[in-house]
Structures are given as C-alpha cells and as structure tokens.
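S.K.:
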Amino acid sequence: MGDRFVVVPVDGGGEVADREEHSGSVVDPQTQLSRGELEKDPVFEPQDPNAAVPILEYNREPNKYGDGVPKENSPFINNTDNDKSNSYDGTNMALFEEEMDSNPMVSSLLNKLANYTNLTQGAQEHEEADDDESSKKKAVKSPQMGTFMGVYLPCIQNILGVILFLRLTWIVGTAGILESLAIVGLCCSCTMLTAISMSAIATNGVVPAGGSYYMISRSLGPEFGGAVGLCFYLGTTFAGSMYILGTIEILLTYIVPKAAIFVAEKKEDEVDALLNNMRVYGTCCLTLMSVVVFVGVKYVNKLALVFLACVFLSILAIYAGVIKTIFEPPDFPVCMLGNRTLQNHNFDKCLKTDVIDNMTVTTQLWKLFCDGPELNATCNDYFKKNNVTNIQGIPGLTSGVISENMWSAYGPLGMLDESKKLSSTEGSNSTQDILMPYVVNDIATFFTLLVGIYFPSVTGIMAGSNRSGDLRDAQRSIPVGTILAIFTTSIIYFSSVVLFGACIEGVLLRDKFGDSVKGNLVIGTLSWPSPWVIVIGSFFSCCGAGLQSLTGAPRLLQAIARDGIVPFLQVFGHGKANGEPTWALLLTGGICEIGILIASLDAVAPILSMFFLMCYLFVNLACAVQTLLRTPNWRPRFKYYHWTLSFLGMSLCLALMFISSWYYAIVAMAIAGCIYKYIEYRGAEKEWGDGIRGLSLNAARFALIRLEDAAPHTKNWRPQLLVLLNLDSDQAVKHPRLLSFTSQLKAGKGLTIVGNVLEGTFLTKETEGKRAEQNIKSAMSAERTKGFCHVVVSSNLRDGVSHLIQSAGLGGMKHNTVLMAWPGTWKQSNDPQSWRNFTETVRETTFAHQALLVAKNVDSFPTNQDRLGEGTIDVWWVVHDGGMLMLLPFLLRQHKVWRKCKMRIFTVAQMDDNSIQMKKDLQTFLYHLRLNAEVEVVEMHDNDISAFTYEKTLVMEQRSQMLKQMQLSKTEREREAQLIHDRNTASHASMNNKSESGPEHVHMTWTKEKLFTERSRNRECNSNVAVRDLFNMKPNQTNVRRMHTAIKLNEVVVNKSQGAQLVLLNMPGPPKNRGGDENYMEFLEVLLEGLNRVLLVRGGGREVITIYS
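All the letters of the sequence shown, read from the start, carry residue numbers 475 to 1583 under the working numbering.
1) So, do the segment 1320-1332 and the segment 1288-1299 have three or more beta carbon pairs nearer to each other than 8 Å?
2) With DSSP collapsed to three states, give me the class of Ile-1145.
3) Please classify Lys-1208 as buried or exposed, where buried requires at least 16 other C-beta atoms within 10 Å of its C-beta.
4) Just to confirm, are Phe-1236 and Leu-1030 a CB contact at a threshold of 8 Å?
5) Could you check what DSSP says for Trp-1300 in three-state terms: helix, strand or coil?
6) Excluding five sequence neighbours on each side, which residues of the same chain lie with their C-beta closer than 6 Å to the C-beta of Leu-1400?
7) Kindly indicate which three-state DSSP category Lys-1376 falls into: helix, strand or coil?
8) Using a 10 Å radius around the Cβ and a threshold of 16 neighbouring Cβ atoms, would you call Tyr-1137 buried or exposed?
9) Since Ser-788 contacts Ser-1012 with CB under 8 Å, what's their CB separation in whole angstroms?
10) Put Met-917 into one of helix, strand or coil per three-state DSSP.
11) Which residues in the same chain as Thr-665 place their Cβ atom closer than 6 Å to its Cβ, once the five residues preceding and following it in sequence are excluded?
12) Short of 7 Å in beta carbon distance, which residues of its chain neighbour Leu-1561, apart from the five on each side in sequence? Order them along the chain.
13) Measuring straight from C-alpha to C-alpha, what distance separates Gly-1298 and Lys-1330?
14) Thinking C-alpha only, which one of Leu-1212, Glu-802, Pro-869, Gly-888 is nearest Asn-879?
15) CB Arg-946 to CB Met-619, shorter than 8 Å?
16) Compare the Cα-Cα distances from Lys-912 to each of Ile-927, Thr-1241, Thr-922, Phe-821 and report the closest residue.
17) Can you tell me which of Trp-1006, Phe-806, Glu-1233 puts its alpha carbon nearest to the alpha carbon of Arg-982?
18) Quick one, which of Leu-909, Glu-1318, Lys-1220 has its alpha-carbon nearest Gly-1574's?
19) So the candidates are Thr-1241, Lys-1239, Phe-1215; which of them puts its Cα closest to the Cα of Thr-1259?
20) So, Val-849 versus Thr-837, is the Cβ gap smaller than 8 Å?
21) Should Leu-779 go down as buried or exposed, given a rule of 16 or more other Cβ atoms within 10 Å for buried?
22) Starting from Trp-1117, trace the beta strand (DSSP E) both ways and give me its first and last residue.
23) Evaluate contact between the segment 1088-1098 and the segment 728-745, counting only Cβ atoms and requiring at least three cross-stretch pairs below 8 Å.
24) Classify Gly-870 as helix, strand or coil using the three-state DSSP reduction.
25) Near Val-1275, which residues of its chain fall below 7 Å by C-beta distance, leaving aside the five closest residues on each side in sequence?
26) Ile-1347 bridges to which residues according to DSSP?
27) Which residues mark the beginning and the end of the beta strand (DSSP E) in which Val-996 is found?
28) Under 7 Å Cβ to Cβ from Arg-984, same chain only, skipping five residues before and after it: list those, please.
29) What separation, rounded to the nearest whole angstrom, lies between the Cα atoms of Glu-697 and Val-1099?
30) Using the rule of at least 16 other Cβ atoms within 10 Å of the residue's Cβ for burial, across every protein chain shown, is Glu-1344 buried or exposed?
31) Which term fits Ala-937, buried or exposed, when burial requires 16 or more other beta carbons within 10 angstroms of its beta carbon?
32) Just to check my reading of the structure: Ser-671 and Asn-1094 have Cβ atoms closer than 8 Å, yes? What is that Cβ distance to the nearest angstrom?
33) Helix, strand or coil for Val-730, going by three-state DSSP, please let me know.
34) Buried or exposed, going by whether 16 or more other CB atoms sit within 10 Å of the CB of Ala-1173?
35) Is the CB-CB distance between Leu-1082 and Pro-1186 below 8 Å?
36) In the structure shown, what three-state DSSP assignment does Ile-1250 receive?
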C-alpha cells in the first residue's frame, strides 16, 4: 500500500483541482504550524515556503488498484475486527444506522403510512424636519382669529350652499317631510359624530397646515393618510365641479334663460340641451375661476365675507317669507290639468277657452294639446276629459298643506307630477303624455338617491381645522366653533324641511326647475321681499364656494406631495416663487372638468359624497383607534368623546356610502385601496407615531400570546425559516441565491428570520453590525424576501449560531427550520472550524427539534426571475423523518419559478422488501396526501464492499490521522514554550527576592540550544514511528460500511436524478462521537458527488404533513 500514496505539499490558499483525485485538507488554526517551525521540522520539509498542508493522493483507476470486484482473499473483507460486532444488518444504509430508532427506514414504515392510522400527530419621536426646504421658510405672522371668525363662520359658509337653494325643496316634495327629516337627521348625525372625533384629534397637540389630511395621516399612518388625503382632495375637487354646475344652472335657468346655446326643438330633447349648455358654460366658468385663483388668491379670500353675507341674507329672506305667508301668502298660481301639473312657459292663462267680446276663443294652452286653434280641432284625449284649474303654489303656513306633504312620492324617470287631492279621468292614449307640457321627473327618484344628493349640503365641517394655524387658541376654538356651526346648520335644515312642507304645495315642491311658476326658483317664490334675493344670493354663494374649492384643493394636494409619501405626486409639490401650487391647480382644473362634463348636479353630488364620507369615516376610525389603544400621547383637551361615538360615526359613514350609491362606494374604496397599497409598496417610509402602528403592536402581542398556548397542529405546520447567511469581509452577502430560494419556498407566508454572526464584541463591532444588517436588508429587498434581519455579535462563530438557533424569534413566532448553505470549501480551507461549525449546527438543530435544510451549490439555484420550463424535482425518501421531503416540493411548486416542474419520489428497497407492494402503498399514500408525483422504488441489494470503498475509506482515515499528528506536534511545541516561560518567570522572581539578602548563583536548567536539540531528537524519532504507523493502518470497519452506503446511494441517485432541476435527499445525522466529524463531512461529500442542485433535508422530529382535512 505504501507505494500508492505520496505526501505532496499544497499551497494553503490554493484549491484542489481534481475532485476525484484529491481528498483535500483542513488545518485548525490551533494546530497550524508557523512557516519557521515547518522549516525546522524534520518530518515536513516543503520546497515551497507557502506550502502548509500535506495531502494524501489516491487514484481510483481500476487497472491500477483493482476493477471494483471484491476478492474473497482480501484482508479487509475477511477482517475480524472488534467493531464487527457492532455492524448493522445491511451495509447499504449504514450511514443512517445511528438514527434508526427515531427515523425508521421507509421500507419498514411504508405499510403504516399506507394505513394512515399509526402516524403520530407530530423615531424620531416627532416629525422629521422637512430637509432644507423648511429651514428656508420665513416665519409669517398670521392673524390671530377667534372662534367666531376663524371657525364658526367658515364652517357655516362651507356647509350652507347650493343644495339648500337648488335641491332641498325638491327633496322635501319627493321624499315627504318625514323621510326628509330622516335624511337630514342621518347626514347631520354623521357630521356631528365626526366633528366630535375631529375635535378630539385636533386638540391632541398642534395641527399644522393640512387640516384633515394632517390629522388622519399622523393618527393612522402615511398609507391611510395618503389614501384618505387624496380621497378628500378628490372630494373637494368634485365639490368645485358641483358648485360650478350650480352656478350655471342658476344662470341659465333663472337669470338669463335666453343665453342658452343649445335649444331643444322637441320636449324630449330638453334634458340633453340643458346638459350640453351646462358643459359649455361650465367649462368657461371653470377656466375663468382657475385664472382668478392663479392670479390672486388674496382676492378670493377678501370676497369670502361678501359671499358669506349673500348666504345669510338669502336664509333671512326665506324665514321672512315663511312668516309673511301667515298673513299674506304670495301669489304663485300653479296650472293643473286634471291632477297633472303643467309647465307654465308658453301660455298666459290657465284656461282652455276664453271669452273675448262675447266670443269663445281658444287659448295658447289649447294649441299645446290640440292640432289647431279651432274649437273642433283634434285634441289630446286627457285634455278633453279633464278640466283646467289653478291652485295656489304657496298656500301658507296655516293652510294645512303639511299633512299632504308628509309622505313620499317617488317615481321612475318621466313620471308625471300629480296632485293627490285633485281628481282626474284617464285618457285613452297615455303614450303621448311625455310629449305634452307636463312637469315630469327628469330622473328616477328613490330614498337612497336623495341621501347621496343631499349629503354634500352638510360637508364643510373641516373648514375650521384647516385654519388651525390662524387661530388664537386652536384647541378651544376648533371644537366649539365646529360643533356650534353643525348645530346651527342642522337647525336651519330641519326647520327648512318642516317649513317648506308646511308652506308650499306638493306639486310645486316636486317641480325641480320651477317650470310650473314660469321658471322661478321654487325656494325664491317663498322668499321676501323678492325671489331675486334668493336667485342672486345663491348665485354668488355658489360662485364663492367654487372659488374656495379651487383654492383649497390644490393646497391639499401640495401638502400631500411635499410629504413625499406618494412618489409620483412630488411634481405637484412645486409652485410659483410665492408658494402658490401652480401644477396642483392645473391637475385640479383637469379633474374638475370631468365633473363639468358629467354636467348633472344630481350625478356629481353622490360622487363627492363618497369621497367626503370616506374621509369622515377615517377621522372616526382614527379617534376610535387612539382611544382604544390608550397610547401615552393620546391626551386631547376636548373631553366629550368616546370610542363608541367614534365607532357609531364610522359605521354611519360606511352605511351612508352604500345607501347613497353602492357602486360609487365600491369605486371610491377601490381607489383608496389602490392608493394605500401603492404607498405601502413604493411610498416613503415615515415614522409618525401613528395609531395603526400601535394597533399592529397590540394585535401582534395578542397573537403571540395566543400562539404560545400550544404548538401548531400538523395541518397548520409550515416551515418558519431561520436563514443562516454568510457575509464576506466587506459585509456583503455571499450567497444571495439563498434568499431567492427562501422567497420561492415561502412565497411571503410564515416567518423568515435572516441571521448572521459577527465575531468580536458588541462594543467594538457596532458599526460593522449595522452595516451588515443594512446590507442584508438590501439583499432581502432585492430578492423580495419578506422577513426580519437578526445580526448577532459573538466572541466566536459557533456560539453566535447557537444563540441564533436558541433565541431567534419571539414567543410562538419562532423558527422551526434552519436553512443554510453547504460549506463547499471546507476541504480547501485552512480553518477546520468551517466544518466543525457545520456539524455542530446539525447537532444543535436536531437537539432543538428543528428541521434543517442544507443547499449545496446554492449559487446555481434559480433566481426569482427565472422560469424553469421543464424538468423534475426528485425526492429521495430514504428514511421517514416527519414528511418534510413531501411538503417541500409542494411548497416550491406554488412559486412561478418551479410551477412547471414535475415531482418524482424515489424510495429505496432492501433485499427483503416487496418492491411492488411498496410502490402501491406509496402511490396510495400520495393519493391521500393530494400530491401528484411519479413513484419509483429503487432496489439496493447487499452487494459486497468493493476495494475502491476500502481505498477511499483508508485515504480518509490516513488524512485525518495525519492532521491529528500535526495538531499534536504543535501542541507539544506550545507546551515546551510555556514551560520555558514559566521557569524563566520563576527564576527572575527568585532572583529579585534573593537580591535583597545578597548575591546568589542561579542555575539555568534549560538553555535554548539544549531545547532545540532535544526537541529535534525526540521529534525525529516520533515522526518516523508516526509515518510508519500511518502507512500500516487499516480502516475502521464502521467507516467502511458508511462509505459503502454513501458510494452506492450516490451511484443510484446520480443515475436517476443527474438531470433533475433539484434533488431532495435525507440528510444523515453526524456521529455521536465528535472525533468522526471530519469523516462525516467526507461521507456527505461522497453522497452528493456529481449532483448539481441538492437540498439535504433533516426533519425536526414531528409530523409536518397529514392526510386529514
């Protein structure tokens, strides 16, 4: 045997070229010889000064060392060593023999698996400073306004508006007094509850510019804040559209009807003509208002008081008119044909015929229903059968008309406006009624529609909070002013509903555009002293509200853009030199134009209702969350709030959204959801101390406490990974594909902890630790691995990994599986700790009952962008350790990278096993597991051990023995050096002690020359003996059988699965005797030889897959 092996020096930093001809080497730093000592050592005299490690070469050529066929007279085969008594029956599986008690062979367990009955159920503490931009802002001293001027009046001006003047009478006539009161009550209750929540938030600290957006974003976080802020912006923008449409409706219907560009020739075309006129004039009005806002916002603010005066004068005129109806009702007759209301545009007298100069002549009304002015002309049948009567449109407060207006009168599109107290005779041909000059419904009416149309009339409660920076005492003024404004406007709305129903005839109330009173505004007919007071007042009120919306909406968008939470909106944060949001104004004008093109006030109102309701919903949610969490910073000065009120307000907002228009509600929520997810995915990370973060912490704490009650059931088991990641000297990730494989295996589900250990002390490695953590997080982000990063600083790598395995995670959210890369350079490394750490990690995961996944050649694993179009995932099921081998391919195939790969399962049969029955049982088992896989049983007979197996085992043991001798040599040198140091120290101490009493001769026992002479003589003798023993040794029989298992199993796996995309294989455990750790690494190396992508799997000692539902 001696002539087959030669000791060759190998460069310490080099790599072994041929995997089949070199076994490699590892040198422990504690046993590594210095260059000088090597040169003086007689055993190793390398020619190359860089050579450090001897390697034994072997050759597996058959013609030189045997053909692989066992010989009966081989001394190794006939060896009767002491370890033969410990041999395992069947040399094929000797590699797994130490674990057979806990992990039985598949062949012995498969029958039980097929029966399925015997399986065990296994801050920054405040806001971030606005970069350089905020430092450059100059402090501007704002006027210190009080509650009345700063909050109350702005809220009144924003709440009272277009709906009150143009639609409230129609709502009362259509819904009736009772249901109208219900509509007003619902909407006002919603805003009152929201105001209470808003007051609590607004008084919990200073609210800078941004108003509602600021409150929501700082209470619920940037995602909710951005989503709701943009919804509030869209609501304000569409409110501008609604006010402009209201302005044009007043202009074209009540002030200058002849200014219409489009005129309907037929009655059925009147609606389309009106909408087209609204589009043209609305666009012109929007352009004009945008120019005014762009040129000078200060003029808009100065005119605000004028507009507010118009609103108050109009309301006073209404109340004055109501009081006047008690004594002298105004004269506004309504012409009725039978019980049907007529449009009073094209006739003067409400008569069919008139007597002039004792002659009966037909009137203009006759010509509308007959084909000629003659008395014998052919007329509409209903016209002939029913009489024409005049009724008083406003009978007065004491007339008792309130009882008739109590109930609703909903109807479809085109329904005639009919009086319930008048009788009529139906005509024979009702199809022509739509062409006659009757007052009809221009839209289908129902309760929920009216809620959506009315709700914008109660919005505007945020006006006070938006001016918080201008208030003398915002924490007092905002609650008082807002709640008083809502209370005042609620009284106005409730009283208006009752007074309108008590003073005005029902048919006139339902006449939306006043066609029956010669085109007068219906609410204007009630006012005193003139209808023009209401017409002019409402016109300027709508103009002012539109200008205010076009002023406020761009600033809100600018505030959102400058927060930086929505990246694509950052361009809208810029403006003119004085800060005016030019780009935001352009976008606002464009969105506002969409509302103008819709052209119908009744269609635009529900749209903005959705966005305002969503904003109010989240204000209530913010207050409820903060109250329930009881965060230390939640200390509002406004004390009259409760989480139940906020929850009731939130529920009411949500109900009103779906009551008004369920499809608009879904669209609005989808828009908010998309914005939320976009900010979450792409937005800037902001730490605002928001309530959602506190809610998440509370929910996480509650869930963790619940999780600790019991271990997860087998049905809920999934790999919760601790990924042990290696970094290079620059703290960069060595194997990023390990993170890719993690994301493919997890698909974002469950727990992932990416751990790393830095050697040193925490005090000295703090900077490196932070850099390593940042690099790992960057790599996780690049590989789309969702999880946590945990960097530990420890005195040595072994202890650090042990700490991670023991302590990573929290409570029930702890890892149950460890994923790591195979130490591919363990042979070439000068540090034996590379494989010692590996084997110790295997032992610790087993002891901790955690599964272990080891990826070999991990750098060749596919990335997340790869798509494996074909191929297989091969599972080699040798021993049963909980079903991990079955579960992992299923999880991998859920990911798009592995989705098209097929799953194959191989199991190994021994000589006494029934292969056919095993295959049937395994197929049945997979069927009940709902797994689709091809099954193949591979037979491995107890072949005799080949000479090559003995050869390979012998080389392995000789190499290990040589490294031990090298370590022993270094240990002796260290012991001798320590002895010299100790004796010299003792000699100097005795000299110092004796110098006081007098000089005394000191005898040196050891000299340097004597030391080296003695050491060389002993070492030469020992080395000769060691080399002689090295080449006369025989391999351990247990190692021979394990090497036989590794070689035979490797041959079978390579034969069947060399072309597979991934091979999953049971990982045998390390030997119980730590002295064989290096041999264990060699066994695994042989087992995996010739395979590209391999995942070694060790179960955690429990069942992880079950057939039960």
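Backbone N, C-alpha and C fix where the C-beta goes; we use that ideal spot for every residue, glycine too.
Owing to the predicted nature of the structure, the values given are computational and were not obtained by experimental measurement.
M.R.: In short:
1) Cβ pair count under 8 Å is three or more, so yes.
2) Here residue 1145 refers to the residue found at position 671 of the sequence shown. Look at Ile-1145 here: in three-state DSSP terms it is helix.
3) Counted from its first residue, the sequence shown places residue 1208 at position 734. So Lys-1208 counts as exposed.
4) Within the sequence shown, numbered from 1, the residue matching residue 1236 stands at position 762. Within the sequence shown, numbered from 1, the residue matching residue 1030 stands at position 556. For the 8 Å CB-CB criterion, Phe-1236 and Leu-1030 do not form a contact.
5) By one-based count along the sequence shown, residue 1300 stands at place 826. Looking at Trp-1300 - three-state DSSP - the assignment turns out to be coil, as it is neither helix nor strand.
6) As a first step, residue 1400 is located in the sequence shown; it is residue number 926 there, counting from the start. In its chain, beyond the 5 residues on either side, Ala-1407 have a beta carbon closer than 6 Å to the beta carbon of Leu-1400.
7) By 1-based counting over the sequence shown, the position of residue 1376 is 902. Lys-1376 falls in the strand class under three-state DSSP.
8) As a position in the sequence shown, residue 1137 is number 663, starting the count at 1. Counting other Cβ atoms within 10 Å of its Cβ, Tyr-1137 stays below 16 and is therefore classed as exposed.
9) As a working mapping, residue 788 is identified with position 314 in the sequence shown. As a working mapping, residue 1012 is identified with position 538 in the sequence shown. Contact flag correct, Cβ pair sits at about 6 Å.
10) What you label residue 917 is simply residue 443 of the sequence shown in a count that begins at 1. The identity of residue 917 in the sequence shown is Ile, whereas the question assumes Met. DSSP, reduced to helix, strand and coil, places Ile-917 outside both helices and strands of the structure shown, so it counts as coil.
11) In the sequence shown, residue 665 corresponds to position 191, counting from 1. Cβ within range, chain order: Val-932, Ile-935, Ile-960.
12) For the purposes of this step, residue 1561 is taken as the residue at position 1087 of the sequence shown. The residues are Ala-1520, Leu-1523, Asn-1524.
13) Counting from 1 along the sequence shown, the entry for residue 1298 is found at position 824. Counting from 1 along the sequence shown, the entry for residue 1330 is found at position 856. A direct Cα-to-Cα measurement between Gly-1298 and Lys-1330 gives close to 7 Å.
14) In the sequence shown, residue 879 corresponds to position 405, counting from 1. Here the closest residue by C-alpha is Pro-869.
15) Translated into the one-based positions of the sequence shown, residue 946 becomes position 472. Translated into the one-based positions of the sequence shown, residue 619 becomes position 145. By the CB criterion at 8 Å, Arg-946 and Met-619 fall inside the cutoff.
16) In the sequence shown, residue 912 corresponds to position 438, counting from 1. Rather than Lys, the amino acid found at residue 912 in this sequence is Tyr. Looking at the Cα atoms, Phe-821 is the closest of the given residues.
17) Residue 982 sits at position 508 when you count from the first residue of the sequence shown. A quick correction: the sequence has Leu, not Arg, at residue 982. Among Trp-1006, Phe-806, Glu-1233, the Cα nearest to that of Leu-982 is on Phe-806.
18) If you number the sequence shown from 1, residue 1574 lands on position 1100. Considering only alpha carbons, the answer is Glu-1318.
19) Taking the first residue of the sequence shown as position 1, residue 1259 is located at position 785. Distance from the Cα of Thr-1259 is smallest, within the candidate group Thr-1241, Lys-1239, Phe-1215, for Phe-1215.
20) Here residue 849 corresponds to residue number 375 of the sequence shown, with the count starting at 1. Here residue 837 corresponds to residue number 363 of the sequence shown, with the count starting at 1. Correcting the residue identity first, residue 849 is Leu in this sequence and not Val. In terms of Cβ geometry, Leu-849 and Thr-837 do not form a close pair [threshold 8 Å].
21) Your numbering for residue 779 matches position 305 in the sequence shown. Leu-779 comes out exposed.
22) For the purposes of this step, residue 1117 is taken as residue 643 along the sequence shown, with counting starting at 1. First-last for Trp-1117: 1117-1134, but that is the alpha helix (DSSP H), not the beta strand (DSSP E).
23) No: the two stretches stay apart, fewer than three of their Cβ pairs being nearer than 8 Å.
24) Along the sequence shown, read from residue 1 onward, the residue named residue 870 stands at position 396. DSSP places Gly-870 in coil when its eight states are reduced to three.
25) Mapped onto the sequence shown, residue 1275 falls at position 801. Excluding five sequence positions before and after Val-1275, the CB atoms of its chain that fall closer than 7 Å to its own CB belong to Leu-1198, Val-1231, Asn-1311, Thr-1315, given in chain order.
26) One-based indexing of the sequence shown puts residue 1347 at position 873. Within the DSSP secondary-structure output, Ile-1347 pairs in a beta bridge with Met-1377, Leu-1536.
27) Residue 996 sits at position 522 when you count from the first residue of the sequence shown. Here Val-996 belongs to no beta strand (DSSP E); instead the alpha helix (DSSP H) covers 996-1000.
28) Residue numbering aside, residue 984 sits at position 510 when the sequence shown is read from its first letter. Within the same chain, Arg-984 has close Cβ partners Trp-644, Gly-647, Thr-648, Ala-883, Asp-891.
29) Within the sequence shown, residue 697 is the residue found at index 223, counting from 1. Within the sequence shown, residue 1099 is the residue found at index 625, counting from 1. Going by the C-alpha atoms only, they are around 15 Å apart.
30) For the purposes of this step, residue 1344 is taken as the residue at position 870 of the sequence shown. Under this definition Glu-1344 is an exposed residue.
31) One-based indexing of the sequence shown puts residue 937 at position 463. So Ala-937 counts as buried.
32) Within the sequence shown, numbered from 1, the residue matching residue 671 stands at position 197. Within the sequence shown, numbered from 1, the residue matching residue 1094 stands at position 620. Between Asn-1094 and Ser-671 the Cβ distance is about 5 Å, and since that is below 8 Å, they are a contact.
33) Reading the sequence shown from its first residue, position 256 is the one you call residue 730. Val-730: coil per DSSP, three-state reduction.
34) Against the sequence shown, residue 1173 aligns to sequence position 699. Flag for Ala-1173 reads exposed.
35) Counting from one through the sequence shown, the residue named residue 1082 turns up at place 608. Counting from one through the sequence shown, the residue named residue 1186 turns up at place 712. Cβ atoms of Leu-1082 and Pro-1186: not closer than 8 Å.
36) One-based indexing of the sequence shown puts residue 1250 at position 776. Collapsing the DSSP output to three states places Ile-1250 in a helix.
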